[in-house]
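A.B. asks:
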Amino acid sequence: MQYRVRNDGQDGRHVETRIAVVGCGGTGGFVAEGLCRLLGDQPAKLVLIDMDRVEPHNLRRQSFYQGDVGGFKSQVLAERLSRLYGREIGYSVYPYTVDSHRRIFGAYGKRGLVLGCVDNPLARAAIAEGMKSTGAWVWWLDAGNGHHSGQMLIGNTGVPDQLKGAFHKDGLCTHVPLPSLQLPSLLSPVQDDEEAPALAVDCAEAVEAGDQSAVINQAMASIVVMDTASSAEITSFSEKKLIPAVNTANASGTRNDLVSQTAFTMIS
């Protein structure tokens with residue numbers, strides 16, 4: 005039997021939805037653009053998070069160009085996609101932490117989706133820890149890949165009792181174990197086997213060395229976006245509320261200072 009997950013609030017009302025793409029490199033960059041196409045004019049709030057800068061060896065397999073080299077991946081993508089799709093996009097150039105998770109998704113009852121597109125256990129551990137601080141209406145979809153294949157896991161709870169009665173007869177699933185519980189090795193250093201290049205080099209360097217397909221990330225991103233559209237049902241949104249921002253930018257690049265207490269920036 006096929007099950008579907010639902011993410012429209014505990015009482016069934018449509019509430020504010022926020023989507024965080026954690027990791028804007030190989031898979032995350034393509035996921036971010038796919039989400040912009042998917043969301044259209046829906047008012048969901050999209051935030052891109054990555055502390056890394058674009059390097060020359062990223063250009064072959066990631067969604068960047070020569071002129072992007074030296075810029076923060078999250079900022080470069082947010083500004084470009086904001087201009088292309090005419091929507092407000094947030095970005096952060098700081099690591100993803102429990103604090104940033106809480107700032108994005110707020111208290112219990114907020115509806116949201118974390119798209120984990122990272123290639124190291126420390127980043128996944130930060131997402132897993134952040135998920136403990138919010139309610140079950142924030143889902144975590146984790147995407148990972150090896151040389152020529154990958155996996156995708158989705159979940160929203162680390163509390164065993166919440167899994168009791170989670171699968172309804174009508175095919176609705178309200179709770180699924182977190183990806184880090186389904187596959188605990190996500191939080192462990194990757195071993196050097198035939199489907200997982202050693203973490204002595206990053207994914208871009210693995211491509212240069214011939215250890216990873218140059219197009220596997222695009223394939224994974226397509227699957228993530230398609231699953232986001234069909235399984236998580238995130239395309240029915242309402243209520244327009246901004247995430248607090250350090251500053252904003254419009255398509256012409258004009259910036260206005262707003263709130264200095266948070267690390268997020270909104271692009272419009």
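For the sequence shown, this note's numbering begins at 5 and goes up steadily by one. Here a beta-carbon is modelled for each residue, glycine too, at the ideal position from N, C-alpha and C.
1) Using beta-carbon positions only, say whether Y98 and V26 come within less than 9 Å of one another.
2) On a CA-only basis, which of E37, R106, G110 and H172 is nearest R87? Give me that one, please.
3) Ignore the nearest five residues each way along the sequence and tell me which others in G75's own chain have a CB closer than 6 Å to its CB.
4) What are the uninterrupted segments assigned as alpha helix (DSSP H) that are 4 or more residues long and contained completely in the stretch 67-143, given in chain order?
5) Mind checking Q70: buried by the 16 CB within 10 Å criterion, or exposed?
6) Count the other C-beta atoms from every protein chain shown that fall within 10 angstroms of the C-beta of A24, then say buried if there are 16 or more, exposed otherwise.
7) Using CA coordinates, which residue listed in N149, V102, L85 and G116 is at the minimum distance from A132?
8) Looking at the structure shown, is D146 part of a helix, part of a strand, or coil, going by DSSP?
9) Answer yes or no: do L119 and V35 have a C-beta to C-beta separation smaller than 9 Å?
10) According to DSSP, simplified to helix, strand and coil, what is T31?
11) Out of curiosity, what's the CA-to-CA distance linking G134 and D146?
12) Would you grab the beta carbon distance between P183 and W141 for me? Rounded to a whole angstrom, and I think it's under 8 Å.
13) Quick one: grab the DSSP three-state call for T345.
14) If you drop the 5 nearest sequence neighbours on each side, which residues of the same chain put their C-beta closer than 7 Å to that of V229?
C.D. replies: Let me lay it out:
1) no
2) Residue E37 is the option with its Cα nearest to R87.
3) V58
4) 77-89, 102-109 and 125-135
5) exposed
6) Buried, by the Cβ-count rule.
7) When each option's Cα is compared against that of A132, the closest is V102.
8) strand
9) Taking 9 Å as the Cβ cut-off, L119 and V35 qualify as a contacting pair.
10) helix
11) 14 Å
12) Contact doesn't hold; Cβ gap of about 17 Å is too wide.
13) Since the first residue of the chain shown is 5 and the last is 272, residue 345 is not available in this structure.
14) V35, G38, L39 and L42
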